[in-house]
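Working notes, structure below.
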Amino acid sequence: MKIVVVGGCGHVGLPLGVKFALCGFETTLVDIDQKAVDKVNSGTFPFLELGGDKQLQESLSVGLTATTNIESCKTADAIVFVIGTPVDEHLNPKLSDVIKIFDYYLPLLKDGALVIMRSTLFPGTMEHLKNRITEMSKKSTGQFPKNLKLAFCPERVAQGYALDEIDTLPQIVSAFDEESFKSALEIFNKIAPKIIRLDPKEAELTKLMANSWRYLEFAIANQFYMIAESKGLDFFKIYDAIRHDYPRAKGYKSPGLSAGPCLFKDTMQLASFFDHQFYMGHSAMLVNEGLAGFLVDKLLSVLNKTTGEEGLWGKKVGLLGMTFKADNDDIRESLSYRVKKALEFKGAEIMIHDPYLDESTELDTILSTSDAIIIGTPHKEYQNLTFNMPIIDVWGNFTKRDLEVYDSPKNASIEQKKVSNL
Ligand SMILES: NC(=O)c1ccc[n+]([C@@H]2O[C@H](COP(=O)([O-])OP(=O)(O)OC[C@H]3O[C@@H](n4cnc5c(N)ncnc54)[C@H](O)[C@@H]3O)[C@@H](O)[C@H]2O)c1
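Heads up: take any position in the sequence shown, counting from 1, add 957, and you land on the numbering used here.
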């Protein structure tokens, strides 16, 4: 079976294409980004992916290829679309990208080909695409492929860990008809450990709700951080107290700059689907996005207290970590850039560092000349640093954790009881 992945050199398309090839499918990656295509063909991932290069090289040796040429679509048994699905400037889904790509590629396909949507979709998009196929075939003056099949099989992996997670996460497969479902099942049965069958709109919502849930979890942690710190209290002492030997708080997220290409926009897609009445989603967005400004204000007040001077004019501030998450090279929608802008606006002289960026200032220079530091991303390279200047660290890695816990005599009898109950 021949599979073409459109958007095949992107963060979701490439790991998927690699897995298809390793499972024995004849796989071609089509992408408009020539640089990424060249890199992939040379055996290197264009971005950070755990175990990426090794598996890519194995897949190239069994026939995987990347190209900007769309001709390969003509002979594909299945075509998988994995392009970006952003929101527009009004925070509504930008459907035009999906529709454009659909209109462009579909007339090229052969009769009976299976079309798989893999991007995260605004609920109702699959219904639109199903009807669009019918309309396109009616209106077509030339040859339009007959009996196209259509399925939605969303990606749910964490960026940077896709190759691992494709092997371990259940795969959602949805289609309007049995034949399309069975064709998609035949493919994903080969790469996923379990398949969950849903209707297309259920699948669209499943993906959006999963990401919104995560975004809200981060927002509540960030909101509590802002409440405690704005009242002059040590949030992490409270956080540690909440979680200490308290099983119900096990999943309580730690605060941090929550950003990236998915969580924000997927929460806004869900809000748009619910006619902008997803109040918790909007609140989460205000909190998570507002954290950047909160950290800059916090730095301002800490510096003013220590130097007695007003404002940030003439102050050197080091910003460590620019990617949207730790130990990853992706800067898309990273809130570190919002922090940087706010600092610049207040007159600070900024030096940025990130182990994954070329345009970094030397870490030693930052550590020896900065008046203050903000940790934008808690990369592992920063974990053992010591700082001689005020530091704003929402992640809590450099905050002294001094929760006082006393073992009471009762503890001994509780421990004993546990043992005798075994
Ligand atoms: N990044 C993640 O971890 C992740 C996880 C789950 C789901 N998703 C979803 O997957 C989708 C893709 O996200 P991504 O992070 O892989 O995006 P990406 O930008 O990394 O990849 C998209 C790729 O599509 C290519 N492309 C754009 N237009 C094209 C065209 N007309 N023809 C061929 N190729 C084209 C781009 O060059 C790029 O390589 C989005 O809907 C996203 O929400 C992403």
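All residues carry an ideal CB built from backbone N, CA and C; glycine is no exception.
Starting from residue i, trace the beta strand (DSSP E) both ways and give me its first and last residue.
| i | result |
| --- | --- |
| arginine 1154 | 1152 to 1155 |
| glutamate 1306 | 1306 to 1310 |
| phenylalanine 1109 | 1106 to 1109 |
| methionine 1074 | 1071 to 1074 |
| alanine 1119 | From DSSP, alanine 1119 is part of no beta strand (DSSP E) but of the alpha helix (DSSP H) over 1119 to 1125. |
| lysine 996 | Here lysine 996 belongs to no beta strand (DSSP E); instead the alpha helix (DSSP H) covers 991 to 998. |
| isoleucine 1288 | Taken as a continuous stretch (DSSP letters only), isoleucine 1288 belongs to no beta strand (DSSP E), as it is neither H nor E. |
If you reduce the DSSP assignment to three classes, tell me which class residue i lands in.
| i | result |
| --- | --- |
| serine 1131 | strand |
| glycine 1275 | strand |
| methionine 1346 | coil |
| phenylalanine 1230 | helix |
| alanine 1176 | helix |
| glutamate 1246 | helix |
| proline 1204 | helix |
| alanine 1141 | helix |
| proline 1335 | coil |
| glutamate 983 | strand |
| alanine 1216 | coil |
| isoleucine 1148 | coil |
| valine 969 | coil |
| alanine 1299 | helix |
| proline 1050 | strand |
| lysine 959 | strand |
| alanine 1329 | strand |
Which residue marks the beginning of the alpha helix (DSSP H) containing residue i, and which one marks its end?
| i | result |
| --- | --- |
| threonine 1032 | Counting along the chain, threonine 1032 falls outside any alpha helix (DSSP H), and DSSP gives it neither H nor E. |
| leucine 1013 | 1009 to 1018 |
| alanine 1023 | That residue, alanine 1023, is in no alpha helix (DSSP H); its beta strand (DSSP E) goes 1022 to 1024. |
| isoleucine 1040 | Run containing isoleucine 1040: none; DSSP gives neither H nor E here. |
| arginine 1358 | No alpha helix (DSSP H) holds arginine 1358; DSSP gives it neither H nor E. |
| serine 1094 | 1082 to 1096 |
Can you give the beta carbon distance from residue i to residue j, rounded, assuming they're within the 8 Å contact cut?
| i | j | result |
| --- | --- | --- |
| tyrosine 1182 | leucine 1007 | Not quite, the Cβ-Cβ distance comes to about 29 Å (not below 8 Å), so this is no contact. |
| leucine 1021 | threonine 984 | 5 Å |
| tyrosine 1209 | isoleucine 1195 | About 11 Å; that fails the 8 Å criterion. |
| aspartate 1284 | lysine 1207 | Actually they are not in contact, since the Cβ atoms of aspartate 1284 and lysine 1207 sit about 23 Å apart, beyond 8 Å. |
| valine 1037 | leucine 973 | 7 Å |
| leucine 1214 | leucine 1292 | 4 Å |
| valine 1274 | isoleucine 1331 | 7 Å |
| proline 1064 | serine 1018 | In fact, because the Cβ distance is near 34 Å, the residues do not count as touching under 8 Å. |
| proline 1043 | lysine 1297 | Rounded, the Cβ-Cβ distance is 22 Å, inconsistent with contact. |
| leucine 1257 | lysine 1303 | 7 Å |
| aspartate 1010 | phenylalanine 1004 | With a Cβ gap of about 11 Å, aspartate 1010 and phenylalanine 1004 do not count as contacting. |
| serine 1393 | glycine 1247 | Residue coverage of the chain in this structure runs from 958 to 1379, which leaves residue 1393 outside it and unanswerable. |
| threonine 1024 | valine 994 | 6 Å |
| proline 1111 | isoleucine 1123 | Actually they are not in contact, since the Cβ atoms of proline 1111 and isoleucine 1123 sit about 12 Å apart, beyond 8 Å. |
| leucine 1048 | methionine 1225 | 4 Å |
| phenylalanine 1138 | arginine 1154 | 7 Å |
Spatial neighbours of residue i within its chain, please: CB distance less than 7 Å, with the 5 preceding and 5 following residues excluded, ordered by chain position.
| i | result |
| --- | --- |
| threonine 1125 | Pro1150 |
| arginine 1358 | Phe1193 and Asp1197 |
| tyrosine 1236 | none |
Using a Cβ-Cβ cut-off of 6 Å (strictly less than) and excluding sequence neighbours within five positions of residue i, which residues of its own chain qualify?
| i | result |
| --- | --- |
| isoleucine 960 | Phe977, Phe982, Thr984 and Ala1035 |
| phenylalanine 1109 | Met1074, Met1083, Ser1131, Pro1157 and Ala1160 |
| leucine 1162 | Pro1080 |
| isoleucine 1090 | Leu1105 |
| glycine 1217 | Phe1281 and Glu1290 |
| serine 1029 | Val961 and Thr985 |
| serine 1016 | Val975, Ala978 and Leu979 |
Could you check whether residue j and residue i sit closer than 8 Å to each other, using their CB atoms as the reference points?
| i | j | result |
| --- | --- | --- |
| aspartate 1328 | lysine 1282 | no |
| isoleucine 1040 | aspartate 1060 | no |
| lysine 1158 | glutamate 1136 | no |
| valine 963 | isoleucine 1073 | no |
| glycine 965 | leucine 986 | yes |
| tyrosine 1172 | asparagine 1245 | yes |
| isoleucine 1148 | proline 1127 | no |
| lysine 1255 | isoleucine 1177 | no |
| lysine 1031 | lysine 996 | no |
| leucine 1190 | serine 1140 | no |
| glycine 1250 | alanine 1299 | yes |
| leucine 1120 | leucine 1165 | no |
| alanine 1185 | arginine 1113 | no |
Can you check whether the C-beta of residue i is within less than 8 Å of a C-beta belonging to chain B?
| i | result |
| --- | --- |
| arginine 1200 | Judged by its chain identifiers, the structure shown contains no chain B, having just a single protein chain. |
Output needed for residue i: all residues of its chain with C-beta closer than 8 Å, excluding positions within five of it in sequence on either side, in chain order.
| i | result |
| --- | --- |
| threonine 1334 | Leu1214, Leu1277, Gly1278, Met1279, Thr1280, Phe1281, Lys1282, Ala1283, Ser1291, Ser1293 and Asp1311 |
| tryptophan 1352 | Ser1211, Pro1212, Gly1213, Ile1332 and Pro1335 |
Hey, is residue i close to ligand 3, as in C-beta under 7 Å from one of its heavy atoms?
| i | result |
| --- | --- |
| glycine 1020 | Because ligand 3 does not appear in the structure shown, any question about it cannot be addressed here, the ligands present being ligand 1. |
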